[in-house]
Amino acid sequence: MTDLSAFPITRKWPAQHPERLQLYSLPTPNGVKVSIMLEEIGLAYEPHKVSFDNDDQLSPEFISLSANNKIPAILDPNGPGGQPLPLFESGAILQYLAEKSGQLLSQDPATRYQTLQWLMFQMGGIGPMFGQVGFFHFFAGKEYEDKRPRDRYVNESKRLLGVLDRHLQGREWMVDEYSIADIAIFPWVRNLVERYNARELVGFDAFKEVQRVLATFLERPAVQRGLKIPG
Numbered sequence: 001m002t003d004l005s006a007f008p009i010t011r012k013w014p015a016q017h018p019e020r021l022q023l024y025s026l027p028t029p030n031g032v033k034v035s036i037m038l039e040e041i042g043l044a045y046e047p048h049k050v051s052f053d054n055d056d057q058l059s060p061e062f063i064s065l066s067a068n069n070k071i072p073a074i075l076d077p078n079g080p081g082g083q084p085l086p087l088f089e090s091g092a093i094l095q096y097l098a099e100k101s102g103q104l105l106s107q108d109p110a111t112r113y114q115t116l117q118w119l120m121f122q123m124g125g126i127g128p129m130f131g132q133v134g135f136f137h138f139f140a141g142k143e144y145e146d147k148r149p150r151d152r153y154v155n156e157s158k159r160l161l162g163v164l165d166r167h168l169q170g171r172e173w174m175v176d177e178y179s180i181a182d183i184a185i186f187p188w189v190r191n192l193v194e195r196y197n198a199r200e201l202v203g204f205d206a207f208k209e210v211q212r213v214l215a216t217f218l219e220r221p222a223v224q225r226g227l228k229i230p231g
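Sequential numbering from 1 applies to the sequence shown in UniProt numbering.
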């Protein structure tokens with residue numbers, strides 16, 4: 001039987017199925033990237049909820065696995081060489097799971113790097129900018145009288161949506177086929193318009209190609225399951 005007792009995180013979140021990949025997460029845009037990916041590739045896993053209300057992400061046990069105290073994080077009992085692998089950062093986890101499963105990341109070198117290019121685009125641009133719109137428009141920052149910070153991030157989010165919209169013209173997905181690039185990007189687009197209530201603020205109705213692909217993304221059964229995990 002797999003023994004994960006050497007990892008402090010298992011003391012706070014005991015593994016009922018230690019032979020399965022352990023997921024520590026919450027249904028945020030970054031969190032659902034990994035649950036959607038796991039649902040898409042069909043890899044057995046055990047989800048654990050990291051409650052922000054209880055500051056679970058600041059606990060020593062969680063930080064022992066995720067040094068940046070951010071979700072999601074995983075502990076794969078069957079990592080490289082058959083050894084357990086702890087991993088944090090959603091983009092790194094997506095790439096790892098794609099390589100582990102041989103799915104959703106092309107083996108063709110050109111397509112592979114184009115996929116990674118759009119993964120980095122989400123991590124460096126869409127995530128930080130859309131997140132700031134959420135703070136200044138929906139969360140505590142909405143009370144700030146000075147709207148210049150909000151407008152700065154709104155304008156940059158509009159620009160990023162324009163980049164996506166132009167790229168998606170004539171394409172079904174971000175690259176030739178559905179990939180980790182789509183799994184990274186579209187939970188954030190969904191969050192911007194549905195959770196942050198920023199549809200009108202960013203003029204989302206003007207980005208027809210993004211709307212089209214988002215709708216297709218949300219129709220996928222694995223996406224619908226992953227968006228609710230961990231419950």
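For each residue, glycine too, the CB sits at the ideal point set by N, CA and C.
Residue j beta carbon less than 9 Å from that of residue i
i: Pro72; j: Ser90; result: yes
i: Leu75; j: Thr10; result: yes
i: Gln132; j: Pro109; result: no
i: Ser25; j: Pro230; result: yes
i: Ala184; j: Leu94; result: yes
i: Glu40; j: Ala15; result: no
i: Gly134; j: Arg199; result: no
i: Ser35; j: Leu218; result: no
i: Ser128; j: Val32; result: It should be noted that the sequence gives Pro, not Ser, for residue 128. No.
i: Gly203; j: Lys142; result: no
i: Leu23; j: Pro84; result: no
i: Ser66; j: Phe88; result: yes
i: Asp165; j: Phe207; result: yes
i: Lys147; j: Phe136; result: yes
First through last residue of the beta strand (DSSP E) which encompasses residue i
i: Ser25; result: 21–25
i: Pro72; result: That residue, Pro72, is in no beta strand (DSSP E); it is neither H nor E in DSSP.
i: Glu46; result: 45–49
Member of the options whose CA lies at the smallest distance from the CA of residue i
i: Ala215; options: Arg195, Pro86, Arg190, Gly124; result: Arg190
i: Thr2; options: Arg20, Arg171, Leu192, Glu172; result: Arg20
i: Leu119; options: Ser35, Ala181, Gly125; result: Ala181
i: Phe130; options: Asn197, Gly82, Gly42; result: Asn197
i: Gln122; options: Asn68, Glu145, Phe88, Leu160; result: Leu160
i: Gly82; options: Glu145, Lys100, Asn68; result: Lys100
i: Gly124; options: His17, Gln169, Ala6, Asn30; result: Asn30
i: Ile126; options: Gln107, Val163, Leu104; result: Val163
i: Val193; options: Gln107, Asn54, Val154, Leu168; result: Val154
i: Gln169; options: Val213, Pro18, Gly102; result: Val213
i: Gly79; options: Gln211, Leu201, Leu43, Glu209; result: Leu43
N-terminal and C-terminal residue of the alpha helix (DSSP H) that residue i is part of
i: Phe135; result: 127–137
i: Thr216; result: 208–218
i: Met37; result: 29–41
Any non-hydrogen atom of the ligand FAD closer than 8 Å to residue i Cβ
i: Val32; result: For the ligand FAD, the structure offers nothing, since it holds no ligand at all.
* Contact between the region 106–119 and the region 172–187: three or more CB pairs below 8 Å? -> yes
* To do: Specify whether the region 55–63 and the region 207–223 touch according to this definition: at least 3 beta carbon pairs, one from each stretch, less than 8 Å apart.
  => no
* Enumerate, from N- to C-terminal direction, the unbroken alpha helix (DSSP H) stretches of 4 or more residues contained entirely within the region 73–120. => 90–101
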